[in-house]
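Read through the structure below, which is laid out as structure tokens, and then see the notes.
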Amino acid sequence: MKAVIKGIGHYVPERVVTNQDLEKLMDTNDAWIQERTGIEERRHVGRNGSETTSILGFKAAEKAIENAKIDKNEIDFIIFATLSPDLYFPGGGVLLQNYLELDTIGALDVRNQCSGFIYALSTANAFIKSGMYKNILVVGAENHSFGLDMTTRGRGVSVIFGDGAGAVILGRSDDESRGILSCNMHSEGKYAEELMMGFPGTKYGWVDLMLNEDFEPDYDKIYPYMNGNFVFKHAVTRFPEAILEAFEDAGESIENLKMLIPHQANLRISQFIQRQMGLRDDQVFNNIMKYGNTTAASIPIALSEAISQGKIEQGDLISLAAFGSGFTWGSVLLRY
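Sequential numbering of the sequence shown, starting at 21, is according to our numbering.
Structure below.
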């Protein structure tokens, strides 16, 4: 029995935020942003927008269900990956279950940030292969714009991130020519605070601090913090390791790779990995230029676009890989 992708879809907010728009909010410019990240624009819900993370996920899920040509009630489990949930608790999975008006199926939340979709898909694969579930809705969704520091102080992080969601229906199949071939997941928690957001966690005593009238916020803790060069150096090492591990585990040759879809963290990281691995331009799919880094949503959005553009066809060997906060990383090798 194999776990195969039966359907896929994605959704991004309508509001486009260009680099020129950001020039009006902070000391930055289009050339600076593109040189360092490759990003030209991104989509933002905005702090006053009505689309929460779970709503973004819901809209992507509807498309995946339609693409799979199944009745939504055939879904028997949900896995929801995000770092930006609607509520501190409960997670977005149960909210999505409610929006879809599904029966009392289980909903699991994955908080692995940039590698969230890889962890979620790997978990869904294990559930399917065990026979526990038949059709699992796997969603990666993010609403970053609600909590970015859109000033010069926060420009190193805020120019990078965008909002959006992607979803797949993973289901059972006896077709040995298709499906997930191998998965791997890794972590290195000693680097947790090299890419992190401390608020509203329990480590820094936020409640007592904020009730103090003399409270002065530490912006490196309230807003996302990233040690950019440090993250880059680790990412370009861990990405190829995870990709090659998946090929080895599956007994496949990388010469047969049709498409690598990396987490859209930074175009420069993707280009570096492509050169390291000797891949052609047509073997690596990037869309960070128009969406920015959508964290847990980036891989399913990119996979959905690549399929809709005819760049991936049934039977193609596809590698999905991610690295990010935690540090966590991993990859999935599948035959679409």
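Yeah, the Cβ is synthetic: ideal placement off N, Cα and C, and Gly gets one too. Quick caveat: nothing in here was measured; it's all calculated off a predicted structure.
- Query: Where does residue 260 sit, in a helix, a strand or coil, going by DSSP?
  - Reply: helix
- With 16 as the cutoff for other CB atoms within 10 Å, does residue 201 come out buried or exposed? By the neighbour-count rule (16 or more Cβ atoms within 10 Å), residue 201 is buried.
- Task: Would you mind working out which of 130, 308, 144, 340 sits nearest residue 281, comparing C-alpha positions?
- Result: 340
- According to DSSP, what are the bridge partners of residue 162? 184
- Item | Alpha-carbon to alpha-carbon, residue 210 and residue 303 | Computed Cα separation, rounded: 33 Å.
- Thinking C-beta only, is residue 144 closer than 8 Å to residue 103? no
- Task: Within 10 angstroms of the Cβ of residue 22, are there 16 or more other Cβ atoms? Answer buried if so, exposed if not.
- Result: buried
- Item | Pick from 255, 31, 324 that is closest to residue 279, judged by C-alpha positions | 324
- Query: Once you ignore the five residues that flank residue 96 on each side, which residues in its own chain have a CB closer than 7 Å to its CB?
  - Reply: 125, 153, 154, 155
- Message: By the three-class DSSP mapping on this structure, what secondary structure does residue 61 have?
- Response: In the structure shown, the three-state DSSP call for residue 61 is strand.
- Query: Given a threshold of 16 other Cβ atoms within 10 Å of its Cβ, counted over all protein chains shown, does residue 178 qualify as buried or as exposed?
  - Reply: Its Cβ being crowded by 16 or more others within 10 Å, residue 178 is buried.
- Message: Once DSSP output is grouped into helix, strand and coil, what is the label at residue 22?
- Response: Strand at residue 22.
- Closest residue to residue 51 among 40, 44, 291 (Cα-Cα distance): 40
- Item | Buried versus exposed call for residue 320 [16 or more other C-beta atoms within 10 Å across all chains shown] | buried
- Skipping 5 residues on each side, what residues in its chain have a beta carbon closer than 6 Å to that of residue 78? Cβ neighbours of residue 78 beyond the five flanking positions: 116, 119.
- Mark residue 286 as exposed unless 16 or more other C-beta atoms lie within 10 angstroms of its C-beta, in which case mark it buried. If you draw a 10 Å sphere on the C-beta of residue 286, you find 16 or more other C-beta atoms in it, and that means buried.
- Count the CB pairs spanning the stretch 341-354 and the stretch 160-168 that are closer than 8 Å, and state whether there are at least three. no
- Beta-carbon proximity of residue 11 to residue 101, cut-off 8 Å: Because the chain here runs from 21 to 356, residue 11 falls outside it and cannot be looked at.
- Message: Using a Cβ distance threshold of 8 Å, determine whether the stretch 299-314 contacts the stretch 236-253, with at least three qualifying pairs required.
- Response: no
- Message: In whole angstroms, give me the CA-to-CA distance for residue 99 and residue 130.
- Response: 7 Å
- Return the CA-CA distance between residue 35 and residue 63, expressed in angstroms with no decimal places. 6 Å
- If residue 312 sits next to residue 167, beta carbons under 8 Å apart, how far is it from one beta carbon to the other, in whole angstroms? Contact flag wrong, Cβ pair sits at about 15 Å.
- Taking only runs of the alpha helix (DSSP H) that begin and end inside the stretch 254-298, which ones reach a length of at least 4 residues, in chain order? 287-297
- Query: So what's residue 172 in DSSP terms, helix, strand or just coil?
  - Reply: helix
- Query: Under the three-state reduction of DSSP, which class applies to residue 301: helix, strand or coil?
  - Reply: In this structure, DSSP gives residue 301 a helical state, which the three-state scheme calls helix.
- Task: Measure the alpha-carbon distance for residue 203 versus residue 169 and round it to whole angstroms.
- Result: 35 Å
- Going along the chain, which residues of its own chain have a beta-carbon closer than 6 Å to the beta-carbon of residue 243, five neighbours each way excluded? Within the same chain, residue 243 has close Cβ partners 169, 174.
- Message: Helix, strand or coil, according to DSSP, for residue 97 in the structure here?
- Response: strand
- Option nearest residue 71 by Cα separation, candidates 185, 83, 88: The residue with the shortest Cα to Cα distance from residue 71 is 185.
- Item | Opening and closing residue of the alpha helix (DSSP H) in which residue 314 lies | First-last for residue 314: undefined, no H or E at that position.
- Query: Which residues mark the beginning and the end of the alpha helix (DSSP H) in which residue 150 is found?
  - Reply: Counting along the chain, the unbroken alpha helix (DSSP H) around residue 150 starts and ends at 136-150.
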